[in-house]
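Here the structure comes first, spelled out in structure tokens, and everything after it is commentary.
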Amino acid sequence: MRRALALAGLLALAGCGDDATVSGGEQPRLVVSAASSLKEALTACAKDFPDATVRLQFAGSDELAAQIRQGVPVDVFAAANAKLPDELAAERKLEQPVTFASNQLVLAVPADGGKVDSLAALERSGVALAIGAEGVPVGDYTRAVLGRLGEERSEAVLANVRSNEPDVKGIVGKLTQGAVDAGFVYASDVEAAGGELRAIELPAELEPTATYGAGVVTAAEQPDAAEAFVDDLLAGGCHEALLAAGFGEP
Amino acid sequence: MSGWFGVLLAVALAAALTFLTLPIVAIFAQQPPGELVDALGEEGALDALWLSLRTTAAALALILMIGTPAAYLLATRRFRGRAGLITLIELPLVLPPAVAGIALLAAVGPSTLLGRAARDAGLQLTLATAGVVVALTFVAAPFYLRQAIAAFEAIDPTLLDASRTLGASPARTFWRVAIPTALPGLLAGTALALGRALGEFGATLMFAGSFQGVTQTVPLAIYDRFATDFTAALALSAVLVAVSAAILLSVKLVRGPDAIAR
Numbered sequence: 006m007r008r009a010l011a012l013a014g015l016l017a018l019a020g021c022g023d024d025a026t027v028s029g030g031e032q033p034r035l036v037v038s039a040a041s042s043l044k045e046a047l048t049a050c051a052k053d054f055p056d057a058t059v060r061l062q063f064a065g066s067d068e069l070a071a072q073i074r075q076g077v078p079v080d081v082f083a084a085a086n087a088k089l090p091d092e093l094a095a096e097r098k099l100e101q102p103v104t105f106a107s108n109q110l111v112l113a114v115p116a117d118g119g120k121v122d123s124l125a126a127l128e129r130s131g132v133a134l135a136i137g138a139e140g141v142p143v144g145d146y147t148r149a150v151l152g153r154l155g156e157e158r159s160e161a162v163l164a165n166v167r168s169n170e171p172d173v174k175g176i177v178g179k180l181t182q183g184a185v186d187a188g189f190v191y192a193s194d195v196e197a198a199g200g201e202l203r204a205i206e207l208p209a210e211l212e213p214t215a216t217y218g219a220g221v222v223t224a225a226e227q228p229d230a231a232e233a234f235v236d237d238l239l240a241g242g243c244h245e246a247l248l249a250a251g252f253g254e255p
Numbered sequence: 322m323s324g325w326f327g328v329l330l331a332v333a334l335a336a337a338l339t340f341l342t343l344p345i346v347a348i349f350a351q352q353p354p355g356e357l358v359d360a361l362g363e364e365g366a367l368d369a370l371w372l373s374l375r376t377t378a379a380a381l382a383l384i385l386m387i388g389t390p391a392a393y394l395l396a397t398r399r400f401r402g403r404a405g406l407i408t409l410i411e412l413p414l415v416l417p418p419a420v421a422g423i424a425l426l427a428a429v430g431p432s433t434l435l436g437r438a439a440r441d442a443g444l445q446l447t448l449a450t451a452g453v454v455v456a457l458t459f460v461a462a463p464f465y466l467r468q469a470i471a472a473f474e475a476i477d478p479t480l481l482d483a484s485r486t487l488g489a490s491p492a493r494t495f496w497r498v499a500i501p502t503a504l505p506g507l508l509a510g511t512a513l514a515l516g517r518a519l520g521e522f523g524a525t526l527m528f529a530g531s532f533q534g535v536t537q538t539v540p541l542a543i544y545d546r547f548a549t550d551f552t553a554a555l556a557l558s559a560v561l562v563a564v565s566a567a568i569l570l571s572v573k574l575v576r577g578p579d580a581i582a583r
């Protein structure tokens with residue numbers, strides 16, 4: 006009886022680890038933690054990745070890095086900057102990272118007009134703005150841009166911030182719901198919003214380089230497939246998908 | 322209860338207890354208590370605690386003022402559709418927080434008729450403190466209503482009849498007889514609603530956003546710090562654990578000393 010119960014318990018545990026959506030065959034399962042801004046591109050290409058069944062999870066890059074530090078079992082980490090992968094590599098949590106894409110930070114506004122038509126308009130009082138929280142790559146890029154505007158202008162813009170969102174999708178959501186008049190997101194996010202948003206490009210001298218870094222997690226359970234996936238990000242189906250989604254070469 | 326069955330029960334209890342208490346103990350064990358207290362001194366953490374206190378108090382005031390008479394009506398009158406009405410009221414109880422957030426955006430979001438009317442009337446909801454209160458009220462009210470209905474239903478009807486026969490008006494009966502008699506149940510409901518409101522996360526983030534001092538309540542501040550400052554996240558979590566434990570204990574106290582012994 007006890008043995009039967011113990012067996013049932015083990016089966017229940019095993020059941021938890023099993024993914025019902027995995028299609029038949031003996032494909033290894035690869036867990037990829039990726040920045041929110043990569044969602045559309047990677048969702049499109051992961052299905053065609055030949056070496057493994059890819060399971061994607063998206064969140065703010067800093068949250069994902071914190072998870073890896075806490076030992077959450079992940080095979081690949083793809084971040085919206087090079088800083089977080091470099092930090093993880095220095096802590097020996099990540100194998101040598103590579104940069105695989107770049108993105109453009111833009112000012113996004115509703116496609117059907119609104120209060121904001123330029124960067125300068127953000128300084129007006131009464132304008133509502135959503136940006137990324139500090140520590141989230143999109144939030145850090147945004148603060149870098151604002152910093153280059155000079156203290157006075159930067160403070161005027163920051164005074165209009167109504168929400169510090171934990172990831173870039175939160176900013177897009179606040180924009181498409183009409184909760185804010187403008188937000189700093191990536192060019193690829195405006196692309197992904199399917200016509201609901203319009204991008205106002207930033208002057209070249211303000212533009213930060215948003216470089217995307219990725220690496221194989223040191224504790225990866227599928228190091229070979231993980232390596233292959235990082236290669237695919239660099240030059241493969243996923244790299245093509247990124248370019249199609251509005252990303253640039255690194 | 323001897324032999325293998327007794328052992329089985331004991332093992333099950335030990336497993337449940339370990340599973341449920343270990344994560345909570347770990348919050349306090351990861352860092353020395355001094356560091357946790359220091360982390361609370363940070364300005365953002367205090368802002369979050371103060372905001373959570375204010376918004377929860379406002380939500381509870383709304384819930385008590387409107388919920389108490391509403392629950393009284395539902396508990397003391399029998400009419401067609403009453404069971405359906407109670408089910409509707411209880412629905413947010415089992416609703417996932419993300420659904421609550423989407424529902425609020427769809428109902429009173431900035432691009433809706435109601436949301437626009439509220440803004441024109443000078444009441445900003447989304448990305449404002451008032452929006453946090455709306456989110457907390459929406460998710461916490463059913464906890465109070467459920468308990469309050471049960472508490473009013475448990476009053477011996479002859480007691481209310483006697484009050485009326487002795488010449489008290491319905492309003493006076495409600496104030497002087499029904500509320501004092503149902504008080505333990507009402508307080509228990511208040512405590513449950515308080516706990517739910519303090520812990521609200523998803524609906525607040527989606528509907529009200531996250532901004533220090535305006536909409537960033539303690540759970541949002543914990544999420545915000547989780548990646549950048551784990552110690553601060555632990556410290557704020559520890560505060561919520563302590564408050565939750567106090568709420569639970571007070572519910573049991575209100576329900577009588579037996580409830581603790583039990």
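Taken in sequence, the protein lines are chains A and B. 6 is the number of the first residue of the first sequence in the numbering used here; add one for each residue after it. 322 is the number of the first residue of the second sequence in the numbering used here; add one for each residue after it. In this text, a Cβ means the ideal position worked out from N, Cα and C, and glycines have one as well. Keep in mind the model is a prediction, meaning the values are calculated, not measured.
Its chain contains P115 as the residues whose beta carbon lies nearer than 8 Å to that of G183/A, once the 5 sequence neighbours on both sides are disregarded; these appear in chain order.
E68/A belongs to the set of residues whose beta carbon lies under 9 Å from a beta carbon in chain B. Separation of V429/B and V455/B (C-alpha to C-alpha, rounded to the nearest whole angstrom) is 10 Å.
Chain A places no beta carbon closer than 9 Å to that of L412/B, leaving this residue out of the contacts. Nearest in C-alpha terms to Y217/A, of all of G155/A, L247/A, R129/A and R148/A, is L247/A. Between the segment 97-113 of chain A and the segment 186-196 of chain A there are three or more inter-stretch CB-CB distances shorter than 8 Å, so the stretches are counted as touching. Comparing alpha carbon positions, the residue from P417/B, L374/B, F464/B and I423/B closest to A512/B is F464/B.
Legend: CB atoms of the segment 539-566 of chain B lying less than 8 Å from CB atoms of chain A belong to residues Y544, D545, F547, A548, T549 and F551.
Distance from the CA of V132/A to the CA of V36/A, rounded to the nearest whole angstrom, comes to 41 Å. Chain B places no beta carbon closer than 9 Å to that of Q101/A, leaving this residue out of the contacts. Within the segment 116-136 of chain A, contact with chain B at the beta-carbon level (separation under 8 Å) is assigned to A133 and A135. Taking a Cβ-Cβ cut-off of 9 Å, the neighbours of R167/A in chain B comprise T447, L448, A449, G530, F532, V535 and T536, given in sequence order.
In chain order, T552 place their CB closer than 7 Å to the CB of E356/B, counting only its own chain and leaving out the 5 sequence neighbours on each side.
Not a single CB atom of chain B sits nearer than 9 Å to the CB of G241/A. Proximity of chain B to Q182/A at the Cβ level (cut-off 7 Å) is accounted for by L426, G430, P431 and S432, in chain order. In the structure shown, T223/A adopts coil according to DSSP, grouped into three states.
Beta-bridge pairing by DSSP links G137/A to E170/A.
The C-beta of A567/B has fewer than 16 other C-beta atoms within 10 Å across all chains shown, which makes the residue exposed. Counting of Cβ neighbours within 10 angstroms places M386/B among the exposed residues, the total staying below 16. The beta carbon of L526/B sits closer than 9 Å to some beta carbon of chain A. Taking a Cβ-Cβ threshold of 7 Å, none of the residues of chain B is close to E160/A; the smallest such distance is about 16 Å. Beta-bridge annotation (DSSP): N108/A is paired with A215/A. In summary, no residue of the segment 217-234 of chain A has a CB separated from any CB of chain B by less than 7 Å.
Residue contact check for E139/A against chain B: a CB pair falls below 9 Å.
For S38/A, the enclosing beta strand (DSSP E) has its first and last residue at R34 to A40.
Here P413/B has A421, F459, V460, A462 and P463 as same chain residues with Cβ atoms under 8 Å from its own Cβ, once five neighbours each way along the sequence are excluded. Counted as a single uninterrupted DSSP element, the alpha helix (DSSP H) harbouring F459/B occupies residues T450 to E474. Here R158/A has E128 as same chain residues with Cβ atoms under 7 Å from its own Cβ, once five neighbours each way along the sequence are excluded. Chain B places a beta carbon closer than 9 Å to that of A71/A, counting this residue as a contact.
The criterion of a C-beta distance shorter than 9 Å is not satisfied by D67/A and A360/B. D145/A has its alpha-carbon roughly 11 Å from the corresponding atom of K88/A. A219/A sits away from L202/A, with the two beta carbons spaced by 9 Å or more.
Distance from the CA of L99/A to the CA of V81/A, rounded to the nearest whole angstrom, comes to 9 Å. Interface flag for E170/A against chain B is set, since a Cβ pair is found closer than 9 Å. Taking the C-beta atoms as reference points, V143/A is found no nearer than 9 Å to I205/A. Within the same chain, and ignoring the five residues on either side of E210/A in sequence, the residues whose Cβ sits closer than 8 Å to its Cβ are R153.
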